[in-house]
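Position 94, counted from 1, in the sequence shown is what our numbering calls 104; the numbers after and before it change by one each time, with no gaps. Note that the Cβ used here is the ideal one computed from N, Cα and C, for glycine as well. None of the values given here were measured: they were computed from a predicted structure.
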Amino acid sequence: IVDTTIQNQVQTVEIVRPKIVQKIVQRKKPIIQDEIRQVPKIMKQYVHVQKIVEREVQIPQVQIVDKIVEVPVQKQVQVPMITKVQKEVQIPQVEILEQDVHVPVQ
Numbered sequence: 011i012v013d014t015t016i017q018n019q020v021q022t023v024e025i026v027r028p029k030i031v032q033k034i035v036q037r038k039k040p041i042i043q044d045e046i047r048q049v050p051k052i053m054k055q056y057v058h059v060q061k062i063v064e065r066e067v068q069i070p071q072v073q074i075v076d077k078i079v080e081v082p083v084q085k086q087v088q089v090p091m092i093t094k095v096q097k098e099v100q101i102p103q104v105e106i107l108e109q110d111v112h113v114p115v116q
């Protein structure tokens, strides 16, 4: 018989086991269920702004000259038109009788 020694190696491994607790808790405030709404996202947008710069500009001077021109006025006058109308007139016939009267001279 032979004596043999066997060495067994033992490794200890620690495992964390979660502990599950089932318990009913009473709340003082009720649970509020809200509606989910879409909220617009605010984006920054750059806008070009025109800058007003004052500068000196030379403006030519303008001279206004009025010239009066006589315009002949043509007047229109309405002249009545004369129309000749022939009218028959009856002229009484006069008979002339001549008599010689002798006047004595003194």
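State the Cα-Cα distance for the pair residue i and residue j, rounded to the nearest angstrom.
i: Pro-70; j: Asp-76; result: 19 Å
i: Arg-27; j: Val-20; result: 21 Å
i: Val-67; j: Val-57; result: 30 Å
i: Glu-64; j: Ile-74; result: 29 Å
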